[in-house]
Amino acid sequence: MAPNTRRTSRHTPPRGTEEGIQANTIKKIRFFHAYDKEISFKSLRHMASEEHTDEGTARRWIKQRENMGSLAYRRTRKMSNKLGRRSKVTKKVCKMLVSPSQNPVRNQPFDAQIEFHNIPVKRRQFQKKLKENTNGGQIYKAAFVKKEISGKNRDERVAYGEEYKEKTIDDFWKYIVFTDEAHIDPSITTSSRNLQGAWKAV
Numbered sequence: 118m119a120p121n122t123r124r125t126s127r128h129t130p131p132r133g134t135e136e137g138i139q140a141n142t143i144k145k146i147r148f149f150h151a152y153d154k155e156i157s158f159k160s161l162r163h164m165a166s167e168e169h170t171d172e173g174t175a176r177r178w179i180k181q182r183e184n185m186g187s188l189a190y191r192r193t194r195k196m197s198n199k200l201g202r203r204s205k206v207t208k209k210v211c212k213m214l215v216s217p218s219q220n221p222v223r224n225q226p227f228d229a230q231i232e233f234h235n236i237p238v239k240r241r242q243f244q245k246k247l248k249e250n251t252n253g254g255q256i257y258k259a260a261f262v263k264k265e266i267s268g269k270n271r272d273e274r275v276a277y278g279e280e281y282k283e284k285t286i287d288d289f290w291k292y293i294v295f296t297d298e299a300h301i302d303p304s305i306t307t308s309s310r311n312l313q314g315a316w317k318a319v
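All letters in the sequence shown, in the order written, are residues 118 to 319 by the numbering used here.
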């Protein structure tokens with residue numbers, strides 16, 4: 118005769134209660150209900166233990182409800198002004214881009230700089246993060262700088278001053294506009310353009 122392969126005792130689900138019970142709410146709300154009903158005759162540690170949480174968490178939830186009101190009943194995520202994934206253009210990268218010693222192509226268009234430094238972003242994102250991280254950094258016209266004026270220019274200025282030195286401000290000098298050869302080069306029509314950060318007044 119073949120042996121009996123059936124189990125003598127079968128695992129069955131536990132017998133439920135006769136009356137239907139409404140499903141429990143989330144853990145935080147259940148704790149608040151117990152706290153409001155039992156705080157007068159139970160300690161916070163005892164209530165936290167019954168609701169399967171620790172006393173420190175219970176105190177934090179109570180503090181949140183005092184500050185936030187009904188919002189504390191819901192699960193909240195951390196507040197953030199910048200959502201989504203982090204940009205590939207970090208502050209360190211932006212600092213490097215506006216540095217004359219670290220960025221040899223800062224006088225080139227944005228697309229050329231992206232390709233040279235192998236930055237995996239599009240031009241729009243590159244320009245946006247650059248402005249955010251360098252106080253409005255962008256490509257500016259480079260000022261022409263010459264520390265000394267030429268001898269010819271100096272002689273002409275002296276002669277001009279001697280000729281009109283008797284004139285007054287109201288009838289003559291207020292209508293004169295001076296240009297500085299140290300910063301304006303009349304021999305060129307266009308200025309070079311370099312990538313640099315904006316300076317903030319303190």
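Glycine is no exception: its CB is placed at the ideal position from the N, C-alpha and C atoms. No experiment lies behind these values; they were computed from the predicted model shown.
- Taken atom to atom, the span from the alpha-carbon of Ser267 to that of Phe289 is near 26 Å.
- Counting only the Cα atoms, Glu168 lies some 45 Å from Thr207.
- By alpha-carbon distance to His234, the top candidate from Lys144, Thr174 and Val222 is Val222.
- For Ile256, the uninterrupted beta strand (DSSP E) segment begins and ends at Gln255 to Lys258.
- Taking a cut-off of 8 Å on C-beta distances, the segment 177-193 touches the segment 143-152, as three or more cross pairs fall below it.
- The Cβ atoms of Gln225 and Leu214 lie no closer than 8 Å to each other.
- Distance from the CA of Asn250 to the CA of Gln244, rounded to the nearest whole angstrom, comes to 10 Å.
- Only residues of its own chain outside the window of five on either side were considered, and among them none has a CB closer than 6 Å to the CB of Thr174.
- Taking the Cα positions, Lys180 is about 55 Å away from Lys258.
- If you draw a straight line from the Cα of Gly201 to the Cα of Val238, it is about 15 Å long.
- The segment 169-216 contains no complete beta strand (DSSP E) run of 3 or more residues.
- The three-state secondary structure of Val294, taken from DSSP, is coil.
- A residue is called buried once 16 or more other Cβ atoms fall within 10 Å of its Cβ, and Gly186, having fewer, is exposed.
- Annotation for Gln219: Met213 place their beta carbon closer than 6 Å to its own, counting only its chain and skipping 5 residues before and after.
- Going by beta carbons, Ser204 and Lys248 fall outside the 8 Å limit.
- Contact check for Arg162 against Glu172 passes: the beta carbons are separated by less than 8 Å.
- Nearest neighbour of Ala165 by Cα position, chosen from Tyr152, Ile293 and Arg241, turns out to be Tyr152.
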